[in-house]
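K.L.:
This is the structure I have questions about; it appears just below.
4 protein chains.
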Amino acid sequence: MYNFRTDLALERRNIYKKAHSLEEIDGIDVQEEKANENINISKVIVTNQNGAEAIGKPIGTYVTIDINNLRIASEDDIQASAEAVSKELKELIQKHSDKKDEILVVGLGNVYVTPDSLGPKVIKDIDVTKHILKYMPQYLPEDARPVTAISPGVLGTTGIETVEIIKGIVDNTHPKLLIVIDALASRSINRISSTIQIADTGITPGAGVGNTRKELSQTTLGIPVIAIGIPTVVDLATITDDCLDLFITKLQNEAQSNDYLNKLKENDNYEEIKEALMPEDFNMIVTPKEIDDLIENMSSVVARGINISM
Amino acid sequence: MYNFRTDLALERRNIYKKAHSLEEIDGIDVQEEKANENINISKVIVTNQNGAEAIGKPIGTYVTIDINNLRIASEDDIQASAEAVSKELKELIQKHSDKKDEILVVGLGNVYVTPDSLGPKVIKDIDVTKHILKYMPQYLPEDARPVTAISPGVLGTTGIETVEIIKGIVDNTHPKLLIVIDALASRSINRISSTIQIADTGITPGAGVGNTRKELSQTTLGIPVIAIGIPTVVDLATITDDCLDLFITKLQNEAQSNDYLNKLKENDNYEEIKEALMPEDFNMIVTPKEIDDLIENMSSVVARGINISM
Amino acid sequence: MYNFRTDLALERRNIYKKAHSLEEIDGIDVQEEKANENINISKVIVTNQNGAEAIGKPIGTYVTIDINNLRIASEDDIQASAEAVSKELKELIQKHSDKKDEILVVGLGNVYVTPDSLGPKVIKDIDVTKHILKYMPQYLPEDARPVTAISPGVLGTTGIETVEIIKGIVDNTHPKLLIVIDALASRSINRISSTIQIADTGITPGAGVGNTRKELSQTTLGIPVIAIGIPTVVDLATITDDCLDLFITKLQNEAQSNDYLNKLKENDNYEEIKEALMPEDFNMIVTPKEIDDLIENMSSVVARGINISM
Amino acid sequence: MYNFRTDLALERRNIYKKAHSLEEIDGIDVQEEKANENINISKVIVTNQNGAEAIGKPIGTYVTIDINNLRIASEDDIQASAEAVSKELKELIQKHSDKKDEILVVGLGNVYVTPDSLGPKVIKDIDVTKHILKYMPQYLPEDARPVTAISPGVLGTTGIETVEIIKGIVDNTHPKLLIVIDALASRSINRISSTIQIADTGITPGAGVGNTRKELSQTTLGIPVIAIGIPTVVDLATITDDCLDLFITKLQNEAQSNDYLNKLKENDNYEEIKEALMPEDFNMIVTPKEIDDLIENMSSVVARGINISM
């Protein structure tokens with residue numbers, strides 16, 4: 079498979095389309111709409127195996143919500159964004175569960191590492207109800223849905239594969255549907271903590287950064303999994319790749335093209351440059367300086383979006 | 079059972095002894111020692127059923143470590159305290175597990191509520207190894223023990239009984255021993271985030287504050303459970319109780335004694351005063367203003383104590 | 079002066095009235111109104127020297143805003159509360175400054191000690207404008223007021239009297255009006271992070287807890303000072319005092335009254351009990367367990383209230 | 079002046095030397111030593127105006143301390159690093175002040191933005207003494223130096239130029255020496271929160287990121303200023319510049335050299351590429367994912383280094 083360096087179905091479709099100079103990919107439909115002047119919604123629907131193979135994503139629907147200027151969002155912007163999330167999320171919840179089915183919300187990530195703290199921060203604000211339904215049902219409407227939530231930590235702090243923790247909890251508490259919040263890889267700096275992808279085809283924790291750990295999906299957990307993914311960092315390697323691609327394209331455009339440059343671009347053989355730029359021991363990330371505020375606002379959007387969907 | 083308003087075996091034994099004017103309780107042995115001038119260690123050993131009933135604690139050993147001036151502790155004080163914890167903890171670990179048996183460390187509490195954040199903060203600093211043993215064993219000594227750790231949240235934020243979360247993870251990852259860090263109730267303000275009780279008889283989350291949720295113990299989880307408990311708050315009701323008891327004693331001592339006062343003291347009938355003092359909707363706690371620093375230092379002591387015991 | 083153990087003019091007036099069995103105090107007017115079902119506003123107007131001496135507060139207006147259930151406040155409740163604060167604050171601002179006069183907002187307290195972090199948290203959310211008016215005036219309306227803000231820390235972390243820091247900044251940047259946010263002492267647990275007192279008679283940092291440091295006022299700084307005070311803790315000594323007073327009253331009411339009890343109540347001679355309850359080295363405070371959430375919501379109310387008053 | 083894109087005298091000297099193919103620059107001496115296997119110390123001494131102009135830094139001494147693996151530093155590593163800092167710092171303090179002269183320590187930066195929080199975090203741990211010398215001198219040795227500390231915030235949160243705040247405090251409290259902790263720009267990702275530069279030639283807040291605000295120096299404040307600077311981020315533009323320079327060098331080395339490439343390298347004319355990579359509204363930074371831990375350890379090193387120098 080092509081190394082897309084992004085988990086966003088929309089970006090993958092754009093990269094594939096451009097690389098193959100296609101009008102549209104067979105097996106992929108795209109719909110665009112605006113919720114308001116600051117919120118764009120795109121749906122990438124993978125309808126057949128050809129589409130699935132082209133972008134390396136299972137057949138299903140991938141909703142992308144882009145929010146402009148989330149860093150300086152007003153209370154009204156956050157509410158409008160949460161409602162846009164809820165509208166899309168509700169559709170998927172209704173498709174996969176009945177009105178009173180128990181839902182478990184899982185926030186992946188590490189609360190002590192700012193760019194990785196979004197999942198745990200969302201969990202903090204989820205309105206859990208299962209214990210109230212059990213001990214004080216009079217405080218909830220009669221048709222309230224049992225909701226639970228957990229932030230399981232990451233492999234580096236628990237020593238346990240996330241899927242094993244979640245499987246243990248699912249097997250022991252029997253929810254009917256899982257909603258997982260996770261960080262995604264994206265190609266675009268603009269999308270950091272400003273874009274939300276909602277899909278019902280599961281998730282692979284750490285997929286974005288080259289780890290190959292077991293997925294959270296109906297296959298591994300036995301219940302449907304809705305994934306809410308948000309890009310929170312861009313890998314530095316992605317930026318340098320893009321930088322050099324742009325540069326080579328520029329050289330070629332300016333009639334400096336030659337076989338050597340073409341070969342360079344094809345072969346991805348500037349590893350040595352990346353090595354010179356990046357120390358071995360660190361995961362270098364690119365992030366806006368304002369990442370703390372962006373994470374704060376995005377976690378409000380996602381938590382509210384989930385709460386009003388229950 | 080008498081309402082001791084404390085989870086510390088040592089305080090319960092003292093209260094019982096005084097109330098019954100005993101030299102010592104049949105079925106309870108107490109040993110005292112000093113690790114250094116700032117660290118006192120007491121062992122309450124409950125040896126028979128009479129002792130167990132007297133203080134409402136199962137037969138077993140309860141080690142209490144008191145650290146003076148932890149708030150302003152130097153690096154050396156913290157290290158000495160961690161070593162005292164480790165010495166006692168190692169004995170219990172060796173009693174209940176083999177050298178390479180997997181251990182799961184569980185930190186109870188809510189990371190977002192300062193006086194309840196000790197458990198999660200300890201987990202942050204536990205050296206987990208199971209994933210390294212699996213993926214990069216060359217980085218660890220050959221006889222390294224697999225260690226995992228989790229901070230499961232509290233019922234109010236997850237909607238799930240803590241025992242159900244832990245049982246799911248235990249059933250799915252198969253550790254041989256559990257170490258649980260939890261907050262305890264204490265009678266004494268001096269002990270807030272300055273005392274550690276270590277016991278191998280399990281734990282009931284929230285026991286200290288009147289909740290009756292299922293215990294974490296060999297009975298419910300199928301593996302031995304070592305509990306590390308630290309008082310982090312004192313309930314306001316405990317303080318007002320103690321305040322009025324002291325006052326009535328004073329009146330009696332000063333020859334103001336009469337039947338009415340005696341009856342008051344027996345019957346615990348100043349509920350109306352507590353109601354007047356305390357708003358219904360809140361859990362009022364008494365805490366040193368320096369609680370943030372105390373929690374920080376205590377979590378270093380406990381995390382290091384565990385790490386050097388593995 | 080009577081030891082009121084509270085900085086709230088309203089509580090002092092109530093204590094004084096009750097102690098002297100008065101209908102109302104000469105020189106004190108009180109007006110009550112409701113902003114909505116959850117927000118009560120009381121104005122204590124000290125009109126002459128007799129009133130000032132009775133409650134130990136200078137002649138002036140003291141507005142008290144009480145907000146019910148702030149801990150679980152919705153976004154709408156917070157907005158309504160902020161508007162109530164703004165309405166009262168605007169009146170005082172207009173009385174003491176012209177429309178485009180520069181205002182410096184000062185948040186007292188220690189950001190690293192949860193119950194003392196309100197002032198710094200408010201400052202974080204103040205919309206400062208002076209630098210924008212200087213460097214990018216096109217982004218602000220033409221009549222925008224220059225606003226600056228600072229959180230100077232506390233004596234224990236800076237080594238400098240707060241008034242000296244503020245005086246240095248005032249002398250060097252020349253604002254025309256100061257707004258100071260500070261913690262207050264209160265008698266009532268119910269008021270913790272739920273009540274706001276606004277006054278234009280200055281402030282003495284740490285006054286609530288028995289420290290006697292220099293005041294922030296027109297006298298010391300040369301410009302008018304509006305104080306926004308919020309109770310965030312209750313001293314444990316206050317609670318035990320109230321506890322014993324209630325108890326003695328109960329004994330007296332139940333016909334157990336005698337000279338000895340009367341004398342006890344007058345003489346405040348149960349110091350020994352307080353000493354037995356409270357360790358010497360700590361400032362013991364009483365606080366709701368939910369203090370983190372209360373501080374969060376109150377800082378939103380105050381910051382918004384200030385921002386919409388500018 | 080050449081755009082060095084770094085505030086480190088050592089990096090500037092290396093860039094200048096390489097660009098001009100010099101053995102050493104006239105007016106610059108460099109001494110290297112190792113404190114231990116993990117700590118390297120370099121002193122760049124600018125001895126004349128030629129050296130000063132070459133690297134754009136005033137005549138004076140610039141000490142660079144590089145610490146390996148600070149992210150995973152043990153307690154012993156942190157102590158050794160703090161002692162290395164203290165050794166260099168003491169020399170400068172003794173040069174500019176007498177033993178009992180008052181020192182004000184200033185931590186620049188924004189505590190709410192992780193990569194910018196180092197200054198405020200250091201201030202939190204400075205042992206201030208001026209108030210103790212005033213109120214409780216018996217708790218300090220007779221020759222204790224008065225130390226004060228402040229974290230004034232940043233222009234974006236206060237609306238006030240930092241130099242104006244500090245000047246106000248200096249004029250009002252009369253310290254004899256200022257120590258300022260600030261973030262620096264560096265060319266090297268390896269140096270993020272791992273390198274410390276100590277100099278006695280003052281500081282320009284935000285100099286590293288292209289802002290031109292007034293300096294903190296003897297000229298503006300009237301007292302000597304020792305600057306402790308730590309790189310905490312690398313600007314994304316620096317990375318892409320370095321990336322393209324490396325690439326062009328590679329092309330040239332591989333005999334693809336031609337006039338066009340040479341011109342490209344000279345003219346710095348790939349602005350359009352940087353624009354395509356970087357959104358306008360954000361300050362994009364490159365940082366290790368582990369920045370929270372790095373900042374934590376570095377602030378311990380600097381705070382201890384200062385405390386043991388007093």
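Chains as they are written, first to last, in my numbering: chain A, 79 to 388; chain B, 79 to 388; chain C, 79 to 388; chain D, 79 to 388. Heads up, the beta-carbon is just placed ideally off N, CA and C, and yes, glycines get one too.
Nearest to residue 168(B) by CA position, among 300(B), 277(B), 299(B), is which residue?
P.N.:
The residue with the shortest Cα to Cα distance from residue 168(B) is 277(B).
K.L.:
Going along the chain, which unbroken runs of the beta strand (DSSP E) with 3 or more residues stay wholly within the segment 89 to 167 of chain D?
P.N.:
List check, beta strand (DSSP E) in window: 106 to 114, 117 to 124, 138 to 145.
K.L.:
Residue 189(D): which of 381(D), 257(D), 232(D), 323(D) sits nearest, CA to CA?
P.N.:
Nearest of 381(D), 257(D), 232(D), 323(D) to residue 189(D), Cα basis: 232(D).
K.L.:
First and last residue of the alpha helix (DSSP H) that includes residue 249(A)?
P.N.:
It spans 240 to 251 - the alpha helix (DSSP H) in which residue 249(A) sits, taken as one unbroken run.
K.L.:
Taking the C-alpha atoms as reference points, what is the distance between residue 288(D) and residue 113(A)?
P.N.:
Note that residue 288(D) has pLDDT 41, beneath the 50 cutoff, so the model's placement of it is unreliable and the number below is only indicative. Each residue's Cα considered, the two are about 38 Å apart.
K.L.:
Cβ closer than 8 Å: which chain A residues qualify as neighbours of residue 228(B)?
P.N.:
Within 8 Å Cβ-Cβ: 230, 231, 236, 238, 243.
K.L.:
Relative to the C-alpha of residue 273(C), which residue among 163(C), 255(C), 205(C), 249(C) is closest?
P.N.:
Nearest of 163(C), 255(C), 205(C), 249(C) to residue 273(C), Cα basis: 163(C).
K.L.:
Taking 9 Å as the CB-CB cut-off, is residue 84(B) touching chain A?
P.N.:
No - not a single Cβ of chain A is within 9 Å of the one on residue 84(B).
K.L.:
Whose CA, out of 102(B), 250(B), 264(B), 310(B), lies closest to the CA of residue 182(B)?
P.N.:
The residue with the shortest Cα to Cα distance from residue 182(B) is 250(B).
K.L.:
Using the C-alpha atoms, what's the distance from residue 219(A) back to residue 66(A)?
P.N.:
No statement about residue 66(A) is possible, as the shown extent of chain A runs from 79 to 388 and does not include it.
K.L.:
To the nearest angstrom, how far is the alpha carbon of residue 380(D) from that of residue 89(C)?
P.N.:
Answer to the nearest angstrom: the Cα atoms are 47 Å apart.
K.L.:
Quick one: what does DSSP say residue 383(C) is sitting in, helix, strand or coil?
P.N.:
Helix at residue 383(C).
K.L.:
Name the one or two DSSP bridge partners that residue 365(D) has.
P.N.:
Bridge partners of residue 365(D): 363(A).
K.L.:
May I ask you to report which of helix, strand or coil DSSP gives residue 290(A)?
P.N.:
With a pLDDT of only 44 at residue 290(A), under the threshold of 50, the placement of this residue in the model should not be trusted; the figure read from the coordinates follows. Here residue 290(A) sits in coil by DSSP.
K.L.:
To the nearest angstrom, report how far apart residue 96(A) and residue 156(A) are at their CA atoms.
P.N.:
Between residue 96(A) and residue 156(A), the C-alpha separation is close to 34 Å.
K.L.:
Indicate whether at least one CB of chain C lies closer than 9 Å to the CB of residue 194(D).
P.N.:
By this cut-off, residue 194(D) is not an interface position.
K.L.:
Would you identify the three-state DSSP class for residue 347(D), choosing helix, strand or coil?
P.N.:
For residue 347(D), the predicted structure reports a pLDDT of 48, less than 50, and the residue's modelled location is therefore unreliable. A value from the coordinates is still provided. If DSSP states are grouped into helix, strand and coil, residue 347(D) belongs with coil.
K.L.:
Which two residues bound the contiguous beta strand (DSSP E) that contains residue 309(B)?
P.N.:
It spans 303 to 313 - the beta strand (DSSP E) in which residue 309(B) sits, taken as one unbroken run.
K.L.:
According to the Cβ coordinates, are residue 132(C) and residue 91(C) closer than 9 Å?
P.N.:
Yes, the pair counts as a contact, with Cβ atoms nearer than the cut-off.
K.L.:
Is residue 207(A) close to chain D, meaning its C-beta is less than 9 Å from at least one C-beta of that chain?
P.N.:
Residue 207(A) does not count as touching chain D.
K.L.:
Check residue 260(D) in the structure and name its three-state DSSP category.
P.N.:
Of the three classes helix, strand and coil, the one that applies to residue 260(D) here is strand, per DSSP.
K.L.:
Please state whether DSSP places residue 267(B) in a helix, a strand or coil.
P.N.:
Three-state DSSP puts residue 267(B) in a helix.
K.L.:
Could you name the residues of the same chain whose beta carbon sits closer than 6 Å to that of residue 104(C), not counting the 5 residues immediately before and after it, in chain order?
P.N.:
Same-chain partners within the cutoff: 128.
K.L.:
Quick one: does residue 318(D) have its CB under 9 Å from some CB of chain A?
P.N.:
It does; some Cβ of chain A falls within 9 Å.
K.L.:
Check this for me: beta carbons of residue 192(B) and residue 107(C), under 9 Å apart or not?
P.N.:
For residue 192(B) and residue 107(C), no; Cβs fall outside 9 Å.
K.L.:
State buried or exposed for residue 213(C), treating a residue as buried only when at least 16 other CB atoms are found within 10 Å of its CB.
P.N.:
Answer is exposed; the Cβ neighbour count stays below 16.
K.L.:
Excluding the 5 residues flanking residue 123(C) on each side, which residues of the same chain have their C-beta closer than 6 Å to its C-beta?
P.N.:
Excluding sequence neighbours, residue 123(C) sits near 107, 139.
K.L.:
What is the C-beta distance between residue 179(D) and residue 254(D), in whole angstroms, given that I count them as a contact (C-beta under 8 Å)?
P.N.:
Sure, about 4 Å apart at Cβ, within 8 Å.
K.L.:
Evaluate residue 275(A) with the Cβ neighbour count: other Cβ atoms within 10 Å of its Cβ, from every protein chain shown; 16 or more gives buried, anything less gives exposed.
P.N.:
Burial call: buried.
K.L.:
What residues from the segment 367 to 381 of chain C come within 9 Å of chain B, judged by C-beta to C-beta, listed N to C?
P.N.:
So the close ones are 367, 368, 369, 370, 371.
K.L.:
Straight-line CA distance for residue 187(D) to residue 366(B)?
P.N.:
Approximately 30 Å, taken between the alpha carbons.
K.L.:
Out of curiosity, what's the CA-to-CA distance linking residue 375(D) and residue 248(D)?
P.N.:
Approximately 29 Å, taken between the alpha carbons.
K.L.:
Let me confirm a value: residue 209(B) is counted as buried when at least 16 other C-beta atoms fall within 10 Å, else exposed. Which label applies?
P.N.:
It is buried - the Cβ of residue 209(B) has at least 16 other Cβ atoms within 10 Å.
K.L.:
Check whether the Cβ atoms of residue 310(B) and residue 271(B) sit closer than 9 Å, and answer yes or no.
P.N.:
Cβ atoms of residue 310(B) and residue 271(B): closer than 9 Å.
K.L.:
Which stretch, first to last residue, makes up the alpha helix (DSSP H) that contains residue 296(D)?
P.N.:
Here the alpha helix (DSSP H) through residue 296(D) covers 296 to 299.
K.L.:
Using a Cβ cut-off of 9 Å (strictly closer), state whether residue 197(C) contacts chain D.
P.N.:
Not an interface residue.
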